[in-house]
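Colleague: Numbering (the numbering used here), first residue to last: -11 to 1165. Quick one: structure below, then a few questions.
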Amino acid sequence: MNWLREPDGEPLPGYRLLEPIGTGGFGEVWKCIAPGGIQKAIKFVYGNLHALDGDDARAVQEMKALERVKQVRHPFVCQIDRIEDVGGELVIVMELADRNLHECLVEYQEAGRPGVPRDILLGFLDDAAVGLDHLIEKHNLQHLDVKPRNLFMVADRVKVADFGLVKQLERSSSSGLMGGVTPIYAAPETFQNKISKHSDQYSLAIVYVELLTGKRPFPGKNIRQLALQHMSEPPDLSMLPDADRPVVARALSKNPDERWPSCTAFVRALGTRDPNGSGSGSGVREPGAWAKAGRTVHDVDLTPPAAPRGGGGRAAVLDRPAPQSAGAEPDSDIDEEHLLGATAPQREVGVLRPTILIGVGSFGRRALQELRCRLTDRVGDVVQVPCFRFLYVDCDPDAVTKAVSAPPDVALGTDEVFPVPLQPVTQYRRRQLEQILDWLPREKLYAIPRSLHAGGSRALGRLAFCDNYLRFVTRLRRELQIATHPESLSQSSDQTGLQVRDNTPQVYVFASAAGGSGGMLIDLGYAVRRVLARVTPAETQVTAFVYASAPNDPSMSDQELANLYAAVTELNHYADPDVQFVAHYGGPEGPKVESQGLPFTATYLMPMPERTAGAFRDCLSHLAGYVSHDMTTPLGPALQQMRTRPVGFDRSPFRSFGTYGVWFPRGLLLRAAAQKICVGLLREWKSDANPLDPTSVQHTVNRATADPRLKPDAVRGQLEQEAVRGQEGGPGDQIERWLNGLEAQLNSTGRRPDAAAWSRAVWEQARDLIGLRPPGEQDSSVRRSRTSKVWDEAVKRVAEMWGNEFEAVVRPLEELPGRRLGAIGSALRRLAVVCGEWATAADARTQQLEVKSRQVRADVQAALDVCQAGSGTFSFFGGRSGRSMRHFLDQLRAFTRIRLQEDLADATAKFYRALRTKVDERVSELGYCRTRLDVLLATLECPIANLPVSSDTPVAAMSEEALQQTLHPTNTLNVVLPSGETHLDRSARRVVKSMKPDDVLRLEIALQKLVLEPRGGLTALCLLNADMSRTLVAPIVEQTTAFLSELLPVTDVTEVEVSTSRARKADLPTRIRDYYARAVPPCGSDAGAQSFVLVPDSESGKAFAGLVKKAVPSALMIPVSGSATDLMFCRERTNLLPTELAELLAVCQPAYYQSLAAPQTAPHARFDVTEWLPLSE
């Protein structure tokens, strides 16, 4: 298990750690002092080689890679000194480099250059190319993770390092290659789990473009977009000089065989480009030619040019005042005009953190579902973002059903539900009764209803949690381990396109103060804090959002009002630093928790003005918009600073917030359109109709039926070969051995056997060995014999072999766009017809041999009769009986041989029929595939109708309006869609209609390469005993969404706002002030409040921010990069005054004190605390 590393530690004897260098997907690297005072790099690989729970994946993969490269010796390959297994952790000591090429690029960009100067860069990449070619040519290895961070500089030369993904070419087909590959630089074939000898060249070409220009040829922000672009889109090489473009374009060819012969050939083609092009470069004729010319990275002046040279508007060439050694050629100028227009990429602010989202009770579930919808729009499929973990905790017996009863983009997964059920009273009598009665009155315990619902009792809600405390702690620890794992953070960053802020986890808790499940809130908070303290030493944020219902609404029941007051009282009580929280869980020997201070960093109250469905939607919209931006934008760090400020003595621990947003749900729109497109594709794929272009089907059938191995003579040869049984040989060999034995009996010099007995015995042996057909013409049945069983087994094996071969022949038809199953079915049906024709022809030959067999059998019968008739007559030399037995044997030999031919012909006919049966079975499998796709389509076309009915889900209506309700404009949110559309489903249909036939064709090709082919094809997926919504639908919807994102232009909501204001002739500053007013928090005053406005980091967004600053001078502008689809006004109110809190809960106080009169109605979650601090203090 990995330990916490600190400077001056010695993970290996004699190796003292100095400082961390960096971390990656496979491990972390430290600088260390090795024996002798030599500085080295030491890498600690994540995972345990001895683990039994799958935690060894990265360590095992790195170990396998090192086994392949440890024998490599080359000046441009980083040297590995030691490989050690320290307590199951893989530790690697290697050569220490000065820096990597990514750091070199940053230095140049900070000096005002867009990238590394071309001549210096070619020298660097020539070293790398030589090292990579050495791996492939001498050791048949591919690096597979070539990127700037893995190309290290030692002095002024470059070495290839980090071999965690090295693969041998001949082993590439069985490895899950995409695991660990950096998708920005990955070759197209790696997305299909394939590699070639030119895969590293493709990555090196992307590295060249990035280091030279500061831009990448594929601008995708997440794995889906990058995979699609690598597989099907041409690279954007417009930032390169004209002469470089064809060279780089060839290295970036989708077909590996069309790339340059080697990495060195690619780099030197760049170095020997046409001098009349946009620039001249030094021709490289040997490794390190640039270095030999006396040029290093330090010899180049990084100062930007002061003024253009000469006329014509051309930019000045960057000066290079480097000293030159005697005899060195003068430096050739490099025309870098094409680089001056390139903008150095801005560093993105990290926003991603490991996040656990815990929903408690019915409100918690609703909050998680609404938040999941918002996050799906912002980051795509939340399942692919493992650093975000959802956990729904509830004592409701119907918790699982309610959690999944929602559309796919809203519903929680069954594995995200954590039930904490109440038990019948008798169960508590047998266990922990004394411990429970310490804090729960017996009246409350015996009031547990038979339905096992909390029934609004907060004490029963706490009882359910206490009974499941140990389970919850274990589950929470597991969720934190998954969320904080470096691989989860890396995958989440790749999926979302957002940078990781840090690996310190944060937790959000959503609960209602008015319901029974809210009774577990405080205990759950302390449990979370206890687990976090053991997982990480860093200061962590635990934020609670407490739903306060609508205390001023007359429809509120007394129980709900009392519960609300009691919940706030308990939170206020434990917020006092002098009050100690004590709880005992899990029986007498269970853990005892003691703590001081409220477990939540911040506690937000969320009351509603009225108890209506619209007000509740507003509340959820407030919450989802606030938390989703907190998790995925720079608003998060700003809020964290406010939450960590100490609470004043005159303040309560409760906070409030308000939001108003303008949202273009582009992500959800794309997913809705993608789902509709996928429904159409699946319907087309499963169609049983003949393909529109039957040429490929006919060609496949012709190729299969023209195989000479299917000719009757060839088939008979295959059957004879398959019928051979070791030393016994085939049926022919066995019959000949038997006949030779009979011949030896007749030729024996001893006493000749009795003719009658001998012939009868031989005839019975023949019947058993070769089988006999009855003499009647109408009866064609054959007595089963030993040889017939051998033939049947041979037929079965050969038919199985050819059935598999036919399947392999027709399988490519399912790769063709359009009616995939229809094409395969058409081909298989034609093959079945041909097999039937072959079987009919083989039956004709069998019938001919059958006629001969009957004739010869009659001769054998006559000879047998002679032997029987001559038995017992006297012959001095036995001549008469000897001749009759000899004649019988001759006739028997002829009969067995013709019977052998007849059996072989019959086996040939059986083979063709068996082959047809195999083909028919494949056709039946296609029918099964269609059935599964039909079920899948029914779910996709109407997802709500196929879910369990639940009355309190956000979308309970069984109609197409269900999803729209989730996106319904509220008083806190204005939803905008393209073309002024107001309905998501209709807007998605517009997107689908905008698809051109060529777009659909390109999409099908991309889906085939990225989804179907890596998973074995469409039919293999359908025949797999797995959830097809996970194995097929989710991947094709994700890839289709990525494909559509390239077609649908990004709509900047600030532009929408400006254009809408102009169309309505409305004053934009007035609209801005109205939005700000709508974002007012539901409680508290503006004293000490802070306002934020999140705007897209675009030109239009900056202009809009200027207008906001004028309209609302106190607002703080937060530009959000990478998302132009929403803007949000957020008003954060710090800790409420006690008077403000009392005003909010004034209506609740009478109901609270009235309920305290009897234990059965008392609203508190625990009764061992007899004096609660009053809210007024």
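Glycine included, every Cβ here is placed at the ideal spot set by N, Cα and C.
Taking the C-alpha atoms as reference points, what is the distance between V79 and Q180?
Modeller: Those two C-alpha atoms are separated by around 31 Å.
Colleague: Considering Cα atoms alone, identify which of G810, E731 and T531 is closest to G343.
Modeller: The sequence given here has Thr at residue 343, not Gly. Per the Cα distances, T531.
Colleague: So, are the CB atoms of Y1140 and P1151 less than 8 Å apart?
Modeller: In this structure, P1151 lies closer than 8 Å to Y1140 by Cβ.
Colleague: Can you give me the C-alpha to C-alpha distance between G(-3) and E77, rounded to a whole angstrom?
Modeller: Cα to Cα, G(-3) sits roughly 16 Å from E77.
Colleague: In or out: Y434 buried (at least 16 other Cβ within 10 Å) or exposed?
Modeller: It is exposed - the Cβ of Y434 has fewer than 16 other Cβ atoms within 10 Å.
Colleague: Measure how close the beta-carbons of C383 and S545 come, nearest whole angstrom, since I'm counting them as under 8 Å.
Modeller: Contact flag wrong, Cβ pair sits at about 20 Å.
Colleague: Taking 7 Å as the limit between beta carbons, can you name the residues of its chain near Q996, skipping five residues before and five after?
Modeller: E803.
Colleague: Taking the DSSP output, what are the residues bridged to H572?
Modeller: K580, per the DSSP bridge assignment.
Colleague: Given 8 Å as the limit, is there contact between the stretch 607 to 619 and the stretch 640 to 660, that is, 3 or more CB pairs closer than that?
Modeller: These segments touch.
Colleague: Are G136 and L199 close, meaning C-beta to C-beta below 8 Å?
Modeller: The sequence given here has Pro at residue 136, not Gly. Contact flag set, yes.
Colleague: Take every Cβ of the stretch 1011 to 1020, pair it with every Cβ of the stretch 1061 to 1069, and state whether three or more of those distances are shorter than 8 Å.
Modeller: Not touching, per the Cβ criterion.
Colleague: Report the rounded CA-to-CA distance for H875 versus E890, giving the unit in angstroms.
Modeller: Distance between the alpha carbons of H875 and E890: 23 Å.
Colleague: Closest by CA to T484, which one among Q1027, R212 and K898?
Modeller: Comparing Cα positions, the closest option is R212.
Colleague: Looking at C-beta atoms only, is the number of pairs between the stretch 506 to 520 and the stretch 441 to 458 that lie closer than 8 Å three or more?
Modeller: Touching, yes.
Colleague: If you compare alpha carbons, which of V60, P1 and I71 is closest to F32?
Modeller: That would be I71, whose Cα lies nearest to the Cα of F32.
Colleague: Check I183 in the structure and name its three-state DSSP category.
Modeller: Coil.
Colleague: A692: which of A661, C823 and D606 sits nearest, CA to CA?
Modeller: Checking every option, the nearest Cα to that of A692 belongs to C823.
Colleague: Okay, do the stretch 338 to 353 and the stretch 372 to 381 touch, 3+ Cβ pairs below 8 Å being the bar?
Modeller: Short answer: they touch.
Colleague: When burial is assigned at 16 or more other CB atoms within 10 Å of the CB, is G24 buried or exposed?
Modeller: Exposed, because fewer than 16 other Cβ atoms sit within 10 Å of the Cβ of G24.
Colleague: On the DSSP letters alone, give me the boundaries of the beta strand (DSSP E) that R145 sits inside.
Modeller: Per DSSP, R145 belongs to the beta strand (DSSP E) from R145 to V148.
Colleague: Just mark L(-7) as buried or exposed, buried being the case when its beta carbon has 16 or more other beta carbons within 10 Å.
Modeller: Strictly speaking, residue -7 in this sequence is Arg, with Leu absent from that position. The residue in question, R(-7), is exposed, as its Cβ has fewer than 16 Cβ neighbours within 10 Å.
Colleague: Looking only at its own chain, which residues have a Cβ that is under 7 Å from the Cβ of V798, when we skip the five neighbours before and after it?
Modeller: Cβ neighbours of V798 beyond the five flanking positions: T688, I812, A815 and L816.
Colleague: If you drop the 5 nearest sequence neighbours on each side, which residues of the same chain put their C-beta closer than 6 Å to that of A1146?
Modeller: Around A1146: no qualifying Cβ.
Colleague: What did DSSP end up calling Q849 once you bin it into helix, strand or coil?
Modeller: Three-state result, Q849: helix.
Colleague: Whose C-beta lies closer than 7 Å to the C-beta of G810 among residues of the same chain, with five residues either side of it excluded?
Modeller: Contacts found: S675, D676, A677, N678 and P679.
Colleague: Taking Q709 as the reference, give the member of V778, P205, R774 and S684 with the closest Cα.
Modeller: Closest by alpha carbon: V778.
Colleague: With 16 as the cutoff for other CB atoms within 10 Å, does V556 come out buried or exposed?
Modeller: The residue is buried, with at least 16 neighbouring Cβ atoms inside 10 Å.
Colleague: For Q494 versus T528, is the C-beta spacing smaller than 8 Å?
Modeller: Yes. Within cutoff.
Colleague: What residue range does the alpha helix (DSSP H) around Y96 cover?
Modeller: Per DSSP, Y96 belongs to the alpha helix (DSSP H) from L89 to E98.
Colleague: If you check the beta carbons only, do V388 and Q357 fall under 8 Å apart?
Modeller: Against a cut-off of 8 Å, the Cβ pair of Q357 and V388 comes out as no contact.
Colleague: Here's the rule I'm using: 16 or more other beta-carbon atoms within 10 Å means buried, otherwise exposed. How should T621 be labelled?
Modeller: Classification of T621: buried, given that the 10 Å Cβ count is 16 or more.
Colleague: Comparing C-alpha positions only, which one of P696, F140, S187 and I172 sits nearest to I124?
Modeller: Comparing Cα positions, the closest option is S187.
Colleague: Say whether the stretch 223 to 233 touches the stretch 1035 to 1049, bearing in mind that this needs 3 or more beta-carbon pairs closer than 8 Å, one atom from each stretch.
Modeller: Result no; under three Cβ-Cβ pairs closer than 8 Å.
Colleague: For A661 versus A976, is the C-beta distance shorter than 8 Å?
Modeller: Yes. Within cutoff.
Colleague: Which residues in the same chain have their Cβ closer than 8 Å to the Cβ of L5, if we skip the five residues on either side of it in sequence?
Modeller: R(-7), E(-6), P(-5), D(-4), G(-3), E(-2), P(-1), W18, K19, C20 and I30.
Colleague: Please name the residue, chosen from A193, L400 and P205, that lies closest to A239 on a Cα-to-Cα basis.
Modeller: Selected option, being the one with the closest Cα: A193.
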